[in-house]
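In the working numbering, the protein residues as written are 11 to 313.
The block underneath contains the structure these notes are about, expressed in structure tokens.
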Ligand SMILES: [Zn+2]
């Protein structure tokens, strides 16, 4: 079948014109002719996305729980931030279970979390973290307020990435840093080798599939200066799900919820092996074909 072209606006660079890429579980994915972003079209409504998240039965162990390796990974993220700054206000936008913020040093940084999930506030209060509700995080009130915005596993979900990035640049002080991690890369080995089973990485949860090129263009268009970008990780979960023979019809809700409850229990300490595993995961040279994207970008000093 010939790949059809449509006059569709790209949610990342706003260019009008995309060609049909593939169908994932009934959702059409188009590729922007200008920046290469792969995106779901038609776009899901904000209500549909909110309904999906609010329907999830999530406890404190949501999003897979605070495993030692995950905490070791977030420790590495803090070390990365400390290469640029030693003090200031750090906002985790989409803070989820506050795993990243819990690994932060509150003697160096003031820690802020924002999330759309209303249940998060309860968790954050225990841990010296100031909580701001995600969708009411008003960029007029908090303009030029934060030194660092950390955001993990968010850009693949944004219905309108342009307005979100504009908000981030407004929230940051001049010279402030945005640190983006855990955004699935469309150029990953998993996707190229057809290992990716799209059971988790699928609409309506994931609706944007960035690459180094498309996210660079997106951030530069918003006014950011790229400090560095890389890809990392090779996720074995799609392989495991294939071996288990999980059906393509398995609902996203049951996959996320079973992942969340399977690892509940007491918090285990981070050991040397966890640190080594996290370092290989985050810093091994994956030749631009790791599963996830990481970006450090700076808001210019004077705009
Ligand atoms: Zn585009």
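For glycine and all other residues, C-beta sits at the position ideal for the given N, C-alpha and C.
Kindly indicate the opening and closing residues of the alpha helix (DSSP H) around residue i.
| i | result |
| --- | --- |
| residue 291 | 282 to 293 |
| residue 168 | Note, residue 168: premise wrong, no alpha helix (DSSP H); not H, not E. |
| residue 234 | It is not in any alpha helix (DSSP H) - residue 234 carries neither H nor E in the DSSP assignment. |
| residue 60 | 56 to 64 |
Name, in chain order, the residues that DSSP records as bridge partners for residue i.
| i | result |
| --- | --- |
| residue 302 | 194 and 242 |
| residue 220 | 195 |
| residue 133 | Answer is none; residue 133 lacks a bridge partner. |
| residue 41 | 29 and 48 |
| residue 142 | 124 |
Within the continuous beta strand (DSSP E) that includes residue i, where are the two ends?
| i | result |
| --- | --- |
| residue 89 | That residue, residue 89, is in no beta strand (DSSP E); its alpha helix (DSSP H) goes 78 to 92. |
| residue 181 | From DSSP, residue 181 is part of no beta strand (DSSP E) but of the alpha helix (DSSP H) over 171 to 181. |
| residue 32 | 26 to 34 |
| residue 158 | 156 to 162 |
How is residue i classed by DSSP in three states: helix, strand or coil?
| i | result |
| --- | --- |
| residue 225 | helix |
| residue 19 | strand |
| residue 248 | helix |
| residue 310 | coil |
| residue 210 | coil |
| residue 274 | With a pLDDT of 48 at residue 274, under the threshold of 50, the modelled position of this residue cannot be trusted, and the question is left open. |
| residue 187 | strand |
| residue 266 | helix |
| residue 148 | coil |
| residue 202 | helix |
| residue 374 | Residue numbering for the chain in the displayed model covers 11 to 313; residue 374 lies beyond these limits and cannot be assessed. |
Using beta-carbon positions only, say whether residue i and residue j come within less than 8 Å of one another.
| i | j | result |
| --- | --- | --- |
| residue 309 | residue 66 | no |
| residue 181 | residue 152 | yes |
| residue 78 | residue 243 | no |
| residue 38 | residue 100 | no |
| residue 175 | residue 228 | yes |
| residue 113 | residue 93 | no |
Could one say the Cβ of residue i lies closer than 8 Å to chain D's Cβ atoms, at least one of them?
| i | result |
| --- | --- |
| residue 307 | Given the protein chain composition of this structure (a single chain), no chain D is represented. |
Fully enclosed by the region 98 to 131, which beta strand (DSSP E) runs are 3 residues long or longer? Secondary structure in the region 98 to 131: the beta strand (DSSP E) runs of 3 residues or longer, each lying completely within the stretch, are 98 to 103 and 119 to 125 in chain order.
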